[in-house]
Amino acid sequence: LALTSLVVVPGIIFIAVLFGTVGQRIMLASQRASGEVSGQIAENLSGIQVAKAFNREDELAEHLMSLNQKAYRYGFRFMILMTSMQPLMAAIGQFAIAAMLFVAGSLAVGVLPLLSFGDIFLGISLVRGIMFPLLGLSMMATQVQSSLAAMDRVTDVLESKPAITDAPNAVALRPENDGIYFKNVVFEYLKDTPVLKNVTFSINPGETVAIVGHTGAGKTTIAALVNRFYDPKEGAIFIGDQNIRDVQLHSLHHAMSLIPQEPYLFDDTVMENIRYGKPDATDEEIMELCTMIGADEFIEVLANGYSTRVIQSGKNLSAGQRQMITIARTMLANPKILILDEATSRLDAYSESLVQDAQELLFHDRTTVVIAHRLTTIANASRVLVFDHGVLVEQGTIEELLAKNGAFKAVYETYYAHQGIEEITEERLEVARTVVAQQGGVKSEGSESGAAK
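Residue 97 in the working numbering sits at position 71 of the sequence shown, and the numbers go up by one each step.
Here it is, written out as structure tokens:
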């Protein structure tokens, strides 16, 4: 009787493994489909204004519905699979009892019966006591195996490692180091598509340098590399005499601040968003700073002033107001190295004029990299680096570069000429042309003497 009852055990194991494997695949597909639905919902909500502006609400709704139906189908399949397993396992248990009754009946009937009816009843009771817990255990194992698919996705996220980490022997950035040096840097986002090509330049400590160029020249990439959001494919980047690969990321980021093109504000009050740059700053210190840069003019007229809550990355504020808060936050951090990536691009002329004096104070005795398409932003730079398709093609003062009639002149006429600037007068340009001509003469004489030697 015991051997008869064990005949169905391989079948139980087979069904448990089969249902578990199929269930795991369906669950994994269901999780992916649910992730697509969640991602599409988030994208639709963030881009709802664009969708309305281009009358695409119906298309977005249909696309979301198709993704939702896909997730529903996978979920429905998984439910059918799990619900069909229970009656199947119950049928196997009943089959085991029926087989046992058949064998036991054969042994109990005859001239010399080997079993009594009491033995048969006892055997069936024992099989039922063992078989049904075994069936329940196999069903539980199947459900656990299917659930591992969802756990795998969570584990992938938890075990993922950042692409940029501290080197094993990384050290803190030394306080005296604040110059920036690029040495033969090559970088690419996509394989065999370089964004920066063998770039070499230096920015001295305390110097303000502007980086200009047409869209796609690699300006924002330079800002990302200095912050070590990425590592270059070739070459090295130094802060002072330290390769940033050998510097602790915490120390590196503590020494510099980046004001990006798109300011990001947290779901908190205006005061706390500014305090993010210096957690131990007092309210009075923050208010004094905002007064200095003129941000207090719009903050104080908000519904709750500095206690006004910022929602959805600043949707209740104008673009200029968000940028002003970002600038205040950066100034509060008081970094040694400052990088502005189109930091004033969203400010109107009045708001920009408010921060000009504050920026001059911020730039003073601080290594500053300015990326901008506004002439007023780069006018105070001691040097300008001109990039074209990832190549550093020119560098010098604004006047020197204009006098050369080269790449910067083309960029100037595209972005800056219509803006006007009082500092660039014809007299200054004439002086610059003379300097450039003299430099050309010196190089020419050097070449002739070298040839004579």
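Glycine residues also receive a C-beta, built at the ideal position from the N, C-alpha and C atoms. Since the model is a prediction, treat every value here as computed from it, not as a measurement.
Less than 7 Å separating the beta-carbons of residue i and residue j?
i: Gly303; j: Arg254; result: no
i: Ala42; j: Tyr100; result: no
i: Lys209; j: Val417; result: no
i: Tyr256; j: Ala249; result: no
i: Met357; j: Leu388; result: yes
i: Ser277; j: Leu199; result: yes
i: Ala77; j: Glu83; result: yes
i: Thr206; j: Ile229; result: A small fix is needed here, since residue 206 is Ile in this sequence, not Thr. Yes, the Cβ-Cβ distance between Ile206 and Ile229 is below 7 Å.
i: Asp192; j: Gln274; result: yes
i: Lys362; j: Ala281; result: yes
i: Pro289; j: Thr352; result: yes
i: Met177; j: Met115; result: no
i: Leu93; j: Val63; result: yes
i: Ile52; j: Phe102; result: no
i: Met126; j: Val170; result: no
i: Ile319; j: Ile300; result: no
In the DSSP output, which residue or residues are listed as bridge partners for residue i?
i: Thr219; result: Leu216
i: Met282; result: Ile363
i: Arg335; result: Thr295
i: Phe264; result: Tyr207 and Asn269
i: Val235; result: Val395 and Arg409
i: Phe128; result: According to DSSP, Phe128 bridges with nothing at all.
i: Ser186; result: DSSP lists no partner for Ser186.
i: Phe227; result: Phe208
i: Val197; result: Val273
Can you find the residues in the same chain that come closer than 7 Å, C-beta to C-beta, to residue i, ignoring five residues on each side of it along the sequence?
i: Lys245; result: Ile237, Gly239, Ile397 and Phe413
i: Leu174; result: Gln50
i: Glu449; result: Because the pLDDT of Glu449 is 45, which lies under 50, any placement of that residue in the model is unreliable, and the question is left without a value.
i: Phe45; result: Leu107, Met111 and Thr168
i: Val48; result: Leu107
i: Leu86; result: Asn70 and Ala77
i: Gly422; result: Arg409 and Val410
i: Thr451; result: Note that Thr451 has pLDDT 46, beneath the 50 cutoff, so the model's placement of it is unreliable and the number below is only indicative. Excluding sequence neighbours, Thr451 sits near nothing in its chain.
Just to confirm the assignment, what range does the alpha helix (DSSP H) spanning residue i have?
i: Thr403; result: Leu401 to Ile404
i: Ala249; result: Lys245 to Val252
i: Tyr37; result: According to the sequence as given, residue 37 is Gly; it is not Tyr. First-last of the alpha helix (DSSP H) with Gly37: Val35 to Ser72.
i: Thr241; result: Neither: Thr241 is in no alpha helix (DSSP H) and is coded neither H nor E.
i: Glu314; result: Asp309 to Ile319
i: Ile300; result: Val296 to Arg301
i: Ile325; result: Asp322 to Ile325
Considering just the uninterrupted stretch of the beta strand (DSSP E) at residue i, what are its terminal residues?
i: Arg409; result: Arg409 to Asp414
i: Gln421; result: Val417 to Gly422
i: Gly439; result: According to the sequence provided, residue 439 is Glu. The question's Gly does not apply to it. Note, Glu439: premise wrong, no beta strand (DSSP E); not H, not E.
i: Thr393; result: Thr393 to Ile397
Less than 8 Å between C-beta atoms, sequence neighbours within five positions excluded: which residues of the same chain meet that for residue i?
i: Val221; result: Phe213, Glu214, Tyr215, Gly244, Thr247 and Gly416
i: Phe158; result: Gly119
i: Val211; result: Leu222, Asn224, Val225, Thr226, Leu251, Pro258, Glu260, Gly261, Ala262 and Ile263
i: Glu202; result: Gly266
Enumerate in chain order the residues of its own chain whose CB-to-CB distance from residue i is below 6 Å, with the five nearest sequence positions on each side excluded.
i: Val419; result: Val412 and Ala433
i: Asp204; result: Pro231, Lys362, Ile363 and Thr393
i: Ala369; result: Ile285
i: Gly242; result: none
i: Asp367; result: Thr246, Ala249, Pro286, Gln287 and Ile397
For the 8 Å Cβ check, are there 3 or more pairs between the segment 285-302 and the segment 251-271? Proximity of the segment 285-302 to the segment 251-271 falls short of the contact definition, fewer than three beta-carbon pairs being nearer than 8 Å.
Using a Cβ distance threshold of 8 Å, determine whether the segment 214-233 contacts the segment 398-418, with at least three qualifying pairs required. The count of Cβ pairs closer than 8 Å, one atom from the segment 214-233 and one from the segment 398-418, reaches three, so the stretches are in contact.
Validate contact between the segment 327-339 and the segment 290-308 using beta carbons, cut 8 Å, 3 pairs: At 8 Å Cβ cutoff, the stretches touch.
Count the C-beta pairs between the segment 87-106 and the segment 53-68 that are closer than 8 Å, then say yes if the count reaches three, no if not. Taking a contact to require three or more Cβ pairs closer than 8 Å, the segment 87-106 and the segment 53-68 qualify as touching.
When the Cβ atoms of the segment 317-325 are set against those of the segment 341-350, are three or more pairs found closer than 8 Å? Yes: at least three Cβ pairs fall under 8 Å.
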